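In my numbering, the protein residues as written are 403 to 509.
Please read the structure below before turning to the comments.
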């Protein structure tokens with residue numbers, strides 16, 4: 403029973419530290435879970451449209467047939483999530499104005 407409490411506490415601390423890292427824009431961000439498409443989240447954290455566009459082009463053929471289709475699929479309500487939020491909501495929360503503007507103007 404003590405081991406289960408220790409594991410639960412460790413998982414809770416890991417979740418808190420991950421949230422703290424995501425909230426601090428000047429610190430390194432650690433991706434957990436399926437990291438195959440973490441580049442999209444990284445583009446938001448960096449507020450870098452160039453990185454976002456590179457990820458869009460890199461995933462043509464894997465997610466969609468064109469960059470526009472990839473963008474449409476990753477910004478859909480049931481699409482890609484970062485920190486439990488849609489890509490558009492995550493960019494708004496992080497204050498990533500350039501990426502938010504790009505996402506909303508093209509999706």
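Ideal Cβ positions, reconstructed from N, Cα and C, are used throughout, including at glycine.
Remember, predicted model here, so these are calculated numbers, not experimental data.
Who are the Cβ neighbours of residue 462 in its own chain at under 7 Å, not counting the five residues just before and after it? 468, 469, 472
Can you find the residues in the same chain that come closer than 6 Å, C-beta to C-beta, to residue 466, ignoring five residues on each side of it along the sequence? 472, 475
By the 10 Å Cβ neighbour count, where 16 or more other Cβ atoms means buried, how is residue 452 classified, buried or exposed? exposed
By Cβ distance below 8 Å, which residues in the same chain neighbour residue 479 in space, the five residues on each side in sequence not counted? 488
Suppose you measure from the CA of residue 433 to the CA of residue 497; what does that come to, to the nearest Å? 19 Å
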